[in-house]
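Student:
2 protein chains.
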Amino acid sequence: MEMIKGGVTAAKGFLAAGAEAGIKYKNRKDMAMVYSQVPCKAAGVFTTNVVKAAPVLWDREVVTNSKAAQAVVVNSGIANACTGKQGYDYCKETADAAAESLNIPADSVLVCSTGVIGMQLPIDRIAAGTKKLAGMLEDTLDAGTLAAEAIMTTDTVSKQVAVQIQIGGKTVTLGGMCKGSGMIHPNMCTMLAFVTTDANISKELLQEALSEDVQDTFNMVSVDGDTSTNDTLLVLANGMAGNAEITEKNADYETFKAALHMINETLAKKIAGDGEGATALFETKVYNADTKENARTLAKSVITSSLTKAAIFGHDANWGRILCALGYSGVKFDPEKIELYLESSAGKMLIFQDGVAADYSEEEATKILSCPEVTALVDMKMGDETATAWGCDLTYDYVKINADYRS
Amino acid sequence: MEMIKGGVTAAKGFLAAGAEAGIKYKNRKDMAMVYSQVPCKAAGVFTTNVVKAAPVLWDREVVTNSKAAQAVVVNSGIANACTGKQGYDYCKETADAAAESLNIPADSVLVCSTGVIGMQLPIDRIAAGTKKLAGMLEDTLDAGTLAAEAIMTTDTVSKQVAVQIQIGGKTVTLGGMCKGSGMIHPNMCTMLAFVTTDANISKELLQEALSEDVQDTFNMVSVDGDTSTNDTLLVLANGMAGNAEITEKNADYETFKAALHMINETLAKKIAGDGEGATALFETKVYNADTKENARTLAKSVITSSLTKAAIFGHDANWGRILCALGYSGVKFDPEKIELYLESSAGKMLIFQDGVAADYSEEEATKILSCPEVTALVDMKMGDETATAWGCDLTYDYVKINADYRS
Numbered sequence: 013m014e015m016i017k018g019g020v021t022a023a024k025g026f027l028a029a030g031a032e033a034g035i036k037y038k039n040r041k042d043m044a045m046v047y048s049q050v051p052c053k054a055a056g057v058f059t060t061n062v063v064k065a066a067p068v069l070w071d072r073e074v075v076t077n078s079k080a081a082q083a084v085v086v087n088s089g090i091a092n093a094c095t096g097k098q099g100y101d102y103c104k105e106t107a108d109a110a111a112e113s114l115n116i117p118a119d120s121v122l123v124c125s126t127g128v129i130g131m132q133l134p135i136d137r138i139a140a141g142t143k144k145l146a147g148m149l150e151d152t153l154d155a156g157t158l159a160a161e162a163i164m165t166t167d168t169v170s171k172q173v174a175v176q177i178q179i180g181g182k183t184v185t186l187g188g189m190c191k192g193s194g195m196i197h198p199n200m201c202t203m204l205a206f207v208t209t210d211a212n213i214s215k216e217l218l219q220e221a222l223s224e225d226v227q228d229t230f231n232m233v234s235v236d237g238d239t240s241t242n243d244t245l246l247v248l249a250n251g252m253a254g255n256a257e258i259t260e261k262n263a264d265y266e267t268f269k270a271a272l273h274m275i276n277e278t279l280a281k282k283i284a285g286d287g288e289g290a291t292a293l294f295e296t297k298v299y300n301a302d303t304k305e306n307a308r309t310l311a312k313s314v315i316t317s318s319l320t321k322a323a324i325f326g327h328d329a330n331w332g333r334i335l336c337a338l339g340y341s342g343v344k345f346d347p348e349k350i351e352l353y354l355e356s357s358a359g360k361m362l363i364f365q366d367g368v369a370a371d372y373s374e375e376e377a378t379k380i381l382s383c384p385e386v387t388a389l390v391d392m393k394m395g396d397e398t399a400t401a402w403g404c405d406l407t408y409d410y411v412k413i414n415a416d417y418r419s
Numbered sequence: 013m014e015m016i017k018g019g020v021t022a023a024k025g026f027l028a029a030g031a032e033a034g035i036k037y038k039n040r041k042d043m044a045m046v047y048s049q050v051p052c053k054a055a056g057v058f059t060t061n062v063v064k065a066a067p068v069l070w071d072r073e074v075v076t077n078s079k080a081a082q083a084v085v086v087n088s089g090i091a092n093a094c095t096g097k098q099g100y101d102y103c104k105e106t107a108d109a110a111a112e113s114l115n116i117p118a119d120s121v122l123v124c125s126t127g128v129i130g131m132q133l134p135i136d137r138i139a140a141g142t143k144k145l146a147g148m149l150e151d152t153l154d155a156g157t158l159a160a161e162a163i164m165t166t167d168t169v170s171k172q173v174a175v176q177i178q179i180g181g182k183t184v185t186l187g188g189m190c191k192g193s194g195m196i197h198p199n200m201c202t203m204l205a206f207v208t209t210d211a212n213i214s215k216e217l218l219q220e221a222l223s224e225d226v227q228d229t230f231n232m233v234s235v236d237g238d239t240s241t242n243d244t245l246l247v248l249a250n251g252m253a254g255n256a257e258i259t260e261k262n263a264d265y266e267t268f269k270a271a272l273h274m275i276n277e278t279l280a281k282k283i284a285g286d287g288e289g290a291t292a293l294f295e296t297k298v299y300n301a302d303t304k305e306n307a308r309t310l311a312k313s314v315i316t317s318s319l320t321k322a323a324i325f326g327h328d329a330n331w332g333r334i335l336c337a338l339g340y341s342g343v344k345f346d347p348e349k350i351e352l353y354l355e356s357s358a359g360k361m362l363i364f365q366d367g368v369a370a371d372y373s374e375e376e377a378t379k380i381l382s383c384p385e386v387t388a389l390v391d392m393k394m395g396d397e398t399a400t401a402w403g404c405d406l407t408y409d410y411v412k413i414n415a416d417y418r419s
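Heads up: the protein sequence lines correspond to chains G and Y, in order. Note that the working numbering has the first sequence beginning at 13, numbered continuously upward. Note that the working numbering has the second sequence beginning at 13, numbered continuously upward.
1. Report the three-state DSSP secondary structure of Val411 of chain G (helix, strand or coil).
2. Is there a Cβ from chain Y that is less than 8 Å from the Cβ of Gly326 of chain G?
3. Excluding five sequence neighbours on each side, which residues of the same chain lie with their C-beta closer than 8 Å to the C-beta of Thr400 of chain G?
4. Assign Gly251 of chain Y to one of two classes, buried (16 or more other C-beta atoms within 10 Å of its C-beta) or exposed (fewer than that).
5. Glu397 of chain G lies in the beta strand (DSSP E); which residues open and close that run?
6. If Asn330 of chain G sits next to Ala337 of chain G, beta carbons under 8 Å apart, how far is it from one beta carbon to the other, in whole angstroms?
7. Which residue wins for smallest C-alpha separation from Lys182 of chain Y, given the options Y:Ser356, Y:Lys24, Y:Asp371, Y:Leu362?
8. Examine the ligand GDP and report whether any of its heavy atoms sits within less than 7 Å of the Cβ of Val173 of chain Y.
9. In its own chain, which residues sit with a C-beta less than 6 Å from the C-beta of Cys124 of chain Y, not counting the 5 before and 5 after it?
10. When we look at the beta-carbon of Asp210 of chain Y and count the other beta-carbons within 10 Å, is it buried (16 or more) or exposed?
11. Do Thr316 of chain G and Gly187 of chain G have their beta-carbon atoms positioned less than 8 Å apart in this structure?
12. Sorted by chain position, which residues of the same chain lie with C-beta nearer than 6 Å to Asp286 of chain G's C-beta, five sequence neighbours on each side aside?
13. For Thr202 of chain Y, which residues of its own chain have a beta-carbon under 7 Å away from its beta-carbon, when the five flanking residues on both sides are left out?
14. Examine chain Y for any beta-carbon lying closer than 8 Å to the beta-carbon of Ser240 of chain G, and answer yes or no.
15. Quick check on Ser419 of chain G: does DSSP put it in helix, strand or coil?
16. In chain Y, which residues lie with their C-beta within 9 Å of the C-beta of Ile129 of chain G?
17. With a CB to CB cut of under 7 Å and the five nearest residues on each side skipped, what residues in its chain are close to Tyr372 of chain Y?
18. Along chain Y, which residues have their Cβ under 7 Å away from the Cβ of Asn414 of chain G?
19. Relative to the alpha-carbon of Ala263 of chain Y, which residue among Y:Gly289, Y:Glu161, Y:Ser313, Y:Ile179 has its alpha-carbon at the smallest distance?
20. For Ala155 of chain G and chain Y, any beta-carbon pair shorter than 8 Å?
21. Report the neighbours of Ala93 of chain Y on chain G: residues whose CB is nearer than 7 Å to its CB, in chain order.
22. For Met232 of chain Y, would you say it is in contact with chain G, using Cβ-to-Cβ distances shorter than 8 Å as the test?
23. Expressed to the nearest angstrom, what Euclidean distance is found between the alpha-carbon atoms of Asp405 of chain Y and Thr76 of chain G?
24. Tell me the rounded alpha-carbon separation between Ile138 of chain G and Met45 of chain G.
25. Within its chain, find whatever has a CB closer than 7 Å to the CB of Thr407 of chain G; leave out the 5 residues flanking it on each side and keep chain order.
26. Taking the C-alpha atoms as reference points, what is the distance between Phe206 of chain Y and Thr303 of chain Y?
27. Under 8 Å between C-beta atoms, does Tyr353 of chain Y make it to chain G?
28. Provide the residue span of the beta strand (DSSP E) that contains Lys297 of chain G, from first to last.
29. Beta-carbon within less than 8 Å of Met15 of chain Y's beta-carbon, same chain only, minus the 5 sequence neighbours each way: which residues are those?
30. Figure out for me which residue from Y:Ser214, Y:Thr267, Y:Phe26 has the closest Cα to the Cα of Met13 of chain Y.
31. So Lys204 of chain Y is in the beta strand (DSSP E); what residue range does that whole segment cover?
32. Under a CB-based cut-off of 8 Å, is Asp236 of chain G close to chain C?
33. Counting only C-beta atoms, is Phe268 of chain Y closer than 8 Å to chain G at any point?
34. Nearest chain G C-beta to Asp71 of chain Y closer than 8 Å, yes or no?
35. Give me the chain Y residues within the contact set of Leu406 of chain G, using Cβ-Cβ distance strictly less than 7 Å, ordered along the chain.
36. Does Val63 of chain G get closer than 8 Å to chain Y when you measure Cβ to Cβ?
Here it is as structure tokens:
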């Protein structure tokens, strides 16, 4: 597997565009389009929030029932959530506008929105923007970058990744982009993420690979514990790499799945590291848990603890908060048995062992915690299951961003 | 039922003291004692965190197995959590020191600690402080206030309450104090709370009344989602009011329970309103839910949402975040059916109805949200169960307090 430059336009046959459509207050890009030259198999995972945004309902329908998908239209600035029947009708109008411009069926158009909840979309600008984007589509990496920028809200950087693998002598490429910074605590997947690939793979296996992989990638990320109304992760596979179609769980499937995992994990970590107001990516690895589910629960409990997140911001090795978060996770364990380490590019240090603090230097611990990527390693000594979760520190800027997000 | 002045010394036969014992860095009161002239029936509820502080283990033993309880010794500054066997031995040494000074059995002494996790207690100072407090005990309201002040950590105000009721022609008094500001997300009860009463009631009914009532009081409070290692709520009943012992669930029991509820709810709300860095008490009332458990889950989900808490701080009627928090609570409901109101001393306003925003004035909404106590009212229209939860806003000061709490 090789990491390459680019995002959603890295794979063969995919074009993209990003532009201003006048949805956000300021002059900022706020609409993106991704298009495949040929119809794609689509897979998707969506928010488990009972309050689902209109585009989530639309896309679930397309992924489940349409013969193929061929384009994605995304707007940022307004989430089209809590907008009732009107909101759903606007999804259809957006898809109709794209279908007309691209000369494809409306039921092959996926639509996504992200931004403020409760406002109705300015549908005339959305329709005009859709037509504009259709005329701008390019297969260049720059076009992919424009699209990645256009879907940002409070994100401070755009988020892309691409990898190449070999399947049956053919070069297969996967590329992805995502956005997400606040209201991040995915449950099925994150805010908005899009993966394109020229792999030839059956729709069933594409969905299965995706659903399985999000458990260890997007679902292990949290910025603030708030599971969004809009979480959507879509994968489009157009088969243009020319490999024999993957229809069973053989070595080719495993190769594809490993590449998909690399894409998803990289995008998920980018979201955590760019959490609203964050100064550090905070990773927690749980080792030797009794079950996989418990390992995940423990790791997530640590990275979602407000007190632990604030301590990371303060570069304070206040490990008692980590122990506390493990303790209230709901998982049963013996606190006397576990070991806790802190690690970063500045070093690795044993912090807690045999039920009490290890003999460590606070000064060294602060050095470790002052790096932009910090990891807590927890050895449960109960079995051999492992999980990793990603979050970020809790800062003044998180409060600032969210106390007046709408103004 | 009548609210009266005072706290833990309000009921007959209870004495208290608070003093400096040199446990905190600065010259601040850090030890308190509560003592009853006669042995008491004791009831308690404790943290459900797997990582339990040593005093939690000690007190659970006393409440469950001792013939009676007669004194409580509390220190602030150090939590005596994650301190292994040494920590538990220190609980015993503290109880021994109190037992000797007060001439009571060591197994009738309850001990509590609150503060930093992971440090060992300076046992010589604790023992000296215990003796000092025993010599200072008074039954005045001022002595109760000194005790309430001595158990504070990041609290900005001390927290006391007292009520009187009539049972069988006798005046029965209940008084309480508590501390708690951060690491507040009780699950069985809050950080530290103490209720004293001269009621004559059986130990079994005292425990049952307490265990039942915390479900709707202390367990419905959250400051930051972190369930502490030390959460302890103790009730001591010494029978000195002279009422006939309450041994069955009759009208007297209901009268007593209503008074206990008033004490617990008042203390719980004081903790939420004094949450670390908070500028507002944020209450959520859920009406007409299908089950009591769902009503509680929905109310708690809203008051624990970081995004909603930040919006309250910003006086921003960003109601989409409340809908979002209801939606990810795990409770199934139809978003199109529910109604949401915001209310405070400045007025009450319909915000959301029929699946979309109501036609409300943002300016008026901001006025409502600018009060020190703000309520979100959620009508689920599914049944007739109700629950209320209390939290606070998320502010810069919360981050500040917790980024360098140990320094």
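We treat Cβ as the ideally placed atom computed from N, Cα and C, and that holds for glycine.
Tutor: Inspection of the coordinates gives the following:
1. helix
2. yes
3. Asp228, Met232, Glu295, Thr296, Lys297, Val298, Ala311
4. buried
5. 397-404
6. The Cβ separation is near 11 Å, so there is no contact.
7. Y:Lys24
8. As far as ligands go, the structure on display features none, and thus does not contain the ligand GDP.
9. Pro67, Val86, Leu204, Thr244
10. buried
11. no
12. Asp167, Thr168, Val169, Ser193
13. Because Thr202 of chain Y sits at a pLDDT of 46, beneath the cut-off of 50, its placement in the model cannot be relied upon, and the point is left open.
14. yes
15. Residue confidence is low: Ser419 of chain G scores 44 on pLDDT, short of 50, so the model does not pin down where it sits. No coordinate-derived value is stated.
16. Asn330, Trp331, Gly332, Arg333, Leu335, Cys336
17. Met361, Leu362, Ile363
18. Leu319, Ala322, Ala323
19. Y:Ile179
20. no
21. Gly332
22. no
23. 41 Å
24. 12 Å
25. Gly289, Ala290, Thr291, Phe325
26. 31 Å
27. no
28. 293-301
29. Val173, Ala174, Val175, Met274
30. Y:Thr267
31. Here residue 204 of chain Y turns out to be Leu, not Lys, going by the sequence shown. Run containing Leu204 of chain Y: 204-209, per the beta strand (DSSP E) assignment.
32. As a matter of chain content, chain C is missing from the structure shown, whose protein chains are G and Y.
33. no
34. no
35. Val411
36. yes
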